[in-house]
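Residue numbers (our numbering): 19 to 180. Quick reminder that beta carbons are idealized off the backbone N, C-alpha and C, glycines included. The next block holds one structure in the form of structure tokens; read it before the comments.
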């Protein structure tokens with residue numbers, strides 16, 4: 019039986035857990051400086067256009083996903099998309115949950131819900147060298163679109179439509 023994923027809205031009480039995850043070497047490798055990323059993630063708790071979730075399976079929190087309104091960041095370098103499109107970023111924080119199929123599975127579950135709720139498109143922008151993330155996004159139904167220049171550097175724009 020496939021795992022059931024729960025997406026619980028992130029709260030202030032989750033910040034110590036997220037801080038620990040951001041310091042894990044496999045997260046730092048792609049997200050960058052843990053302190054800087056923690057400041058951004060914790061600051062986004064008050065941003066209306068950013069939805070943040072703790073991902074759990076079997077009552078065990080193991081990951082983070084953020085979903086944002088692309089219109090709130092028009093200068094992101096991600097291009098034009100239909101009104102109502104959403105962007106996502108995520109990571110698996112618990113090292114023992116990496117490389118077990120959870121990434122593509124929980125991303126697909128989350129995106130299926132967004133599209134069913136009416137989002138016309140969902141995008142993500144992994145580092146072009148992050149083969150693990152790209153593979154997970156492809157398994158979750160995303161397709162490679164093009165390389166884009168963002169404030170964080172060159173990224174691979176990946177798109178999923180209904």
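Test item: CB-CB of residue 173 and residue 121 under 8 Å:
For this step, residue 173 is matched to residue 155 along the chain shown. For this step, residue 121 is matched to residue 103 along the chain shown. Cβ atoms of residue 173 and residue 121: not closer than 8 Å.
In chain order, what residues of the same chain lie with their CB nearer than 6 Å to the CB of residue 85, ignoring the 5 residues before and after it?
Residue 85 sits at position 67 when you count from the first residue of the chain shown. For residue 85, where only same-chain residues beyond five positions count, the Cβ hits under 6 Å are 69, 104 and 106.
Close Cβ partners of residue 21 (< 6 Å) along its chain, the five nearest in sequence each way excluded
For the purposes of this step, residue 21 is taken as the residue at position 3 of the chain shown. The residues are 75.
Name the two residues that bound the continuous beta strand (DSSP E) containing residue 79.
Working through the chain shown from its first residue, we reach residue 79 at position 61. It spans 78-87 - the beta strand (DSSP E) in which residue 79 sits, taken as one unbroken run.
Out of 139, 125 and 166, state which residue places its alpha-carbon closest to the alpha-carbon of residue 71.
The residue given as residue 71 occupies position 53 in the chain shown. The residue with the shortest Cα to Cα distance from residue 71 is 125.
Contacting residues, own chain, Cβ-Cβ under 6 Å from residue 114 (five flanking each side not counted):
Taking the first residue of the chain shown as 1, we reach residue 114 at position 96. Answer for residue 114: no residue qualifies.
Report the option in 142, 55, 91 and 61 whose CA atom is closest to the CA atom of residue 38.
Sequence index remark: in the chain shown, residue 38 carries index 20 (1-based). Residue 38 has its Cα closest to that of 55, out of 142, 55, 91 and 61.
Neighbour-count burial assignment, residue 144, 16 or more Cβ in a 10 Å radius
Counted from its first residue, the chain shown places residue 144 at position 126. It is buried - the Cβ of residue 144 has at least 16 other Cβ atoms within 10 Å.
Roughly how many angstroms lie between the CA atoms of residue 98 and residue 135, to the nearest whole one?
Start at 1 with the first residue of the chain shown, and residue 98 comes out as number 80. Start at 1 with the first residue of the chain shown, and residue 135 comes out as number 117. Rounded to whole angstroms, residue 98 to residue 135 spans 21 Å at the Cα level.
For residue 35, I'd like the list of residues in its chain whose CB is within less than 8 Å of its CB, leaving aside the five on either flank, ordered along the chain.
Here the question's residue 35 lines up with position 17 in the chain shown. Only 72, 79 and 111 meet the Cβ criterion.
So is residue 32 buried or exposed if we call it buried at 16+ other beta carbons inside 10 Å?
Here residue 32 refers to the residue found at position 14 when the chain shown is read from its first residue. By the neighbour-count rule (16 or more Cβ atoms within 10 Å), residue 32 is buried.
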